[in-house]
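Visitor: Using this note's numbering, the first residue of the sequence shown is number 918, and each one after it goes up by one. Glycine is no exception: its CB is placed at the ideal position from the N, C-alpha and C atoms.
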Amino acid sequence: MPKIIYIDADGGEFEAEVEVGSNVMQGAVDHMIDGIVGECGGVMACATCHCYVDPSWEDKLPKPDEAEEDMLDVVQEPQDNSRLSCQIEVTEALDGLIVHLPKSQF
């Protein structure tokens, strides 16, 4: 199973094995990693799964679609590497993916 590395706003690092076909948000929720809430369950209706994709991984992910871009307009402290973690599907190629978590999801 691919490992996803979550780094919280204080620099704490958490690794989680996440099932292929799942998504980065679900991996955080399943492993009780603080910083990703996922209130809507991954249907892209709340943006409480906002994360920052580590620059070393940005080019390895598909670009966000228009609906995700629209939701990213409502997150606190958006950056160029902001993504909704519910929209990042886990594949074997993402083994070692690093995402940084924002200070707040609200």
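1) Per the DSSP calculation, Cys968 is bridged to which residue(s)?
2) Rounding to the nearest angstrom, what Cα-Cα distance links Ala945 and Glu985 in this structure?
3) Spatial neighbours of Asp971 within its chain, please: C-beta separation below 6 Å, excluding the five flanking residues on both sides.
4) Find the nearest neighbour of Phe1023 within the set Met918, Glu930, Gln993 and Ala962, judged by alpha-carbon distance.
5) How would you write the range of the alpha helix (DSSP H) that Ala984 sits in, first residue to last?
Guide: Looking at the coordinates:
1) Along the sequence shown, one-based indexing puts residue 968 at 51. According to DSSP, Cys968 shares a beta bridge with Arg1000.
2) For the purposes of this step, residue 945 is taken as residue 28 along the sequence shown, with counting starting at 1. For the purposes of this step, residue 985 is taken as residue 68 along the sequence shown, with counting starting at 1. The straight-line gap from Cα to Cα measures roughly 19 Å.
3) The residue labelled residue 971 in the question sits at position 54 within the sequence shown. Closer than 6 Å at Cβ, skipping near neighbours: Ile1015.
4) The residue labelled residue 1023 in the question sits at position 106 within the sequence shown. Answer by Cα proximity: Gln993.
5) Here residue 984 refers to the residue found at position 67 when the sequence shown is read from its first residue. It spans Glu983 to Leu989 - the alpha helix (DSSP H) in which Ala984 sits, taken as one unbroken run.
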